[in-house]
Structure formats: C-alpha cells, structure tokens
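Here the structure is laid out as structure tokens; the discussion comes afterwards.
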Amino acid sequence: MNFDIIKAQIWTLATLYGGKIVLALLAFIIGRFIVGKISSMLSNVMEKRKVDRDVQPFLSSLIVVLLNVMLLLSIAGIIGIETSSFVAVLGAAGLAVGLALQGSLANFAGGVLILIFKPYRVGDLINAQGFTGTVEGVQIFNTILVTPDNKTIILPNGSLSTSPITNISGKGKIRVDMVFAAGSQNGVDKIRASVQKAIDACPTALKDVQHDILVTKLTENAIFFDVRVWTPSVTYWETYYNVHEGISRQFAIDGVQAPKPAELSIAMKQ
C-alpha cells in the first residue's frame with residue numbers, strides 16, 4: 001500500500017471539500033441558532049395574541065420542521081450536492097402523502113382554524129351537521145359533542161370549519177321559546193297572570209330581564225301564547241321543562257281550563 005498516494009488523495013479531497021465542509025458546519029450551527037430564535041419568537045407572538053395552547057405546539061413544530069428542511073437543503077448546496085433531485089423526491093413524497101391523507105389533513109387544518117378562531121368552546125351548546133349538543137372537547141381532528149340524551153357525537157373538524165354552526169350558548173344567556181294554549185273562556189289576562197307566576201317561580205329564569213307572554217292565535221275555543229323565557233345557557237333544558245311543569249301546576253291552582261282535546265286539535269290545524 002502506497003501511503004504517499006493515500007496522503008495525496010486525502011490532501012486533494014481536503015483542498016477541494018475542506019472549505020465547503022467547514023462552511024457547511026458554520027452554516028448548520030448558525031442556521032440552528034436562527035431556527036431556535038424564530039421558534040422562540042413565534043411562541044412569544046402566539047402567547048401575546050392568545051392563540052390556543054393546544055394549537056401552539058402544532059404550529060411551532062410545523063414551522064420548525066419546514067425551516068430545518070430548508071436548512072438541510074442549503075447545507076447540501078454549500079457542499080456541492082445537487083439539491084434538485086432532493087427537492088423532486090420531497091415534492092413527490094409530499095404529494096403522495098397529501099393524496100393519501102387528504103381527509104385527515106383537512107380535519108387537521110379545520111381543527112387548527114377552530115382552535116385559533118374559536119367559533120365555539122368547550123361547554124358551549126351548539127348545533128352543527130344536524131346535531132345539537134354540548135361541546136365536550138375540541139381535538140385537533142374531531143370535535144366531541146354530548147347530546148341532551150347523553151349520546152356522544154364525534155364530528156370531523158374539516159366539515160365543521162366549512163359549514164354553518166349555530167352557537168346556541170355563545171352569548172352566555174339564551175331564550176327558551178315555548179307555546180301554550182288555554183281555553184278561551186279563561187280570558188287573556190287570567191291566563192297571562194298565571195303564566196307569569198309560573199315564570200317568576202322558575203329558579204333558572206333570569207330575574208333582571210323582561211320575559212314575553214304573547215298572544216299569537218285566537219280561536220273560538222282556544223287562546224295560544226308564545227312564552228319566551230331568558231335563562232343562562234347552561235340551564236336551557238332545565239328551564240324548558242321547569243316552565244312547562246310550573247305552568248301546568250299554576251293553571252291547576254288558578255283554575256285555568258284547557259281547551260277540549262277535539263277543539264284544540266281543530267284549532268291547531270287552522
């Protein structure tokens with residue numbers, strides 16, 4: 001083995017690539033430092049803008065990965081490695097993964113948008129995709145709803161982010177709309193007074209707002225009322241059933257008579 005030849009080859013390689021390797025190492029060290037700084041700045045910006053804490057790690061990780069890929073491609077270019085082939089391979093791989101996981105990626109993007117813009121929060125009562133329920137959890141791919149009858153509904157975030165959502169409890173208080181009927185022989189004033197007593201006795205009805213007791217239909221045998229009661233969002237169903245029971249009891253106490261079943265059926269069809 002001729003050591004002089006080996007030494008000459010090593011020297012030649014060192015002369016050709018030594019400077020590039022040193023420059024690549026410096027670029028790597030400086031680049032990693034810059035990526036760390038950008039990641040830290042991004043975290044601070046998201047914290048100041050009050051971006052949801054569940055979203056922050058995902059966004060930070062995504063940006064850091066992209067920056068590191070760009071850094072590695074730059075280092076490969078400094079050394080002299082042809083990067084166009086790497087870019088083509090990465091592009092093809094990204095396209096394949098994107099096509100295979102397009103549904104999951106749509107749900108991921110939808111979850112990020114929901115967590116950032118907060119059209120609803122955990123605990124809100126919403127109506128979406130034909131389901132009504134309380135939001136139990138907002139995950140990165142799905143939103144978990146619990147219906148009033150305690151069923152768990154899992155909705156994909158992709159469709160939620162692009163379709164109408166009714167946030168029933170978003171304002172903190174909600175109006176419970178109900179319809180009642182009583183026999184016309186009782187008179188409007190007597191019926192309204194009885195309904196008002198039932199509302200006043202409802203523990204979940206708000207005391208500092210005006211509730212509505214409106215006559216909506218008059219027939220020969222029945223008077224129909226729209227009763228609108230304001231309540232905290234979390235007690236919607238409690239108020240709904242409480243007022244129904246309260247009015248039934250109050251009608252019995254005040255002697256408010258109901259329309260005859262046959263007459264009521266005819267009146268409701270008119």
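Heads up: the sequence shown runs through residues 1 to 270, numbered per full-length UniProt numbering. The beta-carbon is built from N, C-alpha and C at its ideal position, and this holds for glycine as well.
Task: Inter-residue Cα distance where the pair is L101 and T152 - done: Within the sequence shown, numbered from 1, the residue matching residue 101 stands at position 101. Within the sequence shown, numbered from 1, the residue matching residue 152 stands at position 152. With a pLDDT of 49 at L101, under the threshold of 50, the modelled position of that residue is not reliable, and no figure is offered here.
Task: Start and end residues, beta strand (DSSP E) containing R249 - done: Within the sequence shown, residue 249 is the residue found at index 249, counting from 1. Per DSSP, R249 belongs to no beta strand (DSSP E); it is in the alpha helix (DSSP H), Y236 to D254.
- [ ] Helix, strand or coil for E47, going by three-state DSSP, please let me know.
- [x] Counting from 1 along the sequence shown, the entry for residue 47 is found at position 47. Reduced to three states, the DSSP call for E47 is helix.
Open item on the list: What does the Cβ neighbour count give for G158, buried or exposed, with the cut at 16 atoms within 10 Å?
Closed with: Start at 1 with the first residue of the sequence shown, and residue 158 comes out as number 158. Result: buried.
- [ ] Starting from F224, follow its DSSP beta bridges and name the residues at the other end.
- [x] Taking the first residue of the sequence shown as position 1, residue 224 is located at position 224. In the DSSP output, where bridge partners are listed per residue, F224 has A181 and K217.
Task: Minimum C-alpha distance to N127 - residue among P164, P232 and I154 - done: For the purposes of this step, residue 127 is taken as the residue at position 127 of the sequence shown. When each option's Cα is compared against that of N127, the closest is P164.
Task: Rounded separation between L145 and G123 - CA only - done: The sequence position of residue 145 within the sequence shown is 145, counting from 1. The sequence position of residue 123 within the sequence shown is 123, counting from 1. Roughly 9 Å between the two C-alpha positions.
Task: Buried or exposed (CB count within 10 angstroms, at least 16 for buried), N68 - done: Residue 68 sits at position 68 when you count from the first residue of the sequence shown. N68 should be labelled exposed.
Open item on the list: Looking at the secondary structure, which residues open and close the alpha helix (DSSP H) in which D193 lies?
Closed with: Here residue 193 is taken as the residue at index 193 of the sequence shown, counted from 1. The sequence shown places Ala at residue 193, rather than the Asp named in the question. It spans V188 to A201 - the alpha helix (DSSP H) in which A193 sits, taken as one unbroken run.
Task: For V138, the residue or residues it bridges with in DSSP - done: In the sequence shown, residue 138 corresponds to position 138, counting from 1. According to DSSP, V138 bridges with T143.
Task: Residue nearest to D189 in terms of C-alpha spacing, selected from I213, I34, N142 and N44 - done: Residue numbering aside, residue 189 sits at position 189 when the sequence shown is read from its first letter. Checking every option, the nearest Cα to that of D189 belongs to I213.
TODO: Can you say whether L115 is buried or exposed, counting buried as having 16 or more other CB atoms within 10 angstroms of its CB?
DONE: Looking up residue 115 in the sequence shown gives position 115. With 16 or more Cβ atoms within 10 Å of its Cβ, L115 is classed as buried.
TODO: Report the rounded CA-to-CA distance for T166 versus L72, giving the unit in angstroms.
DONE: Here residue 166 refers to the residue found at position 166 when the sequence shown is read from its first residue. Here residue 72 refers to the residue found at position 72 when the sequence shown is read from its first residue. So the two alpha carbons sit approximately 46 Å from each other.
Task: Bridge-paired residues (DSSP) for D208 - done: Position 208 of the sequence shown holds residue 208. Paired residues: none, contrary to the question.
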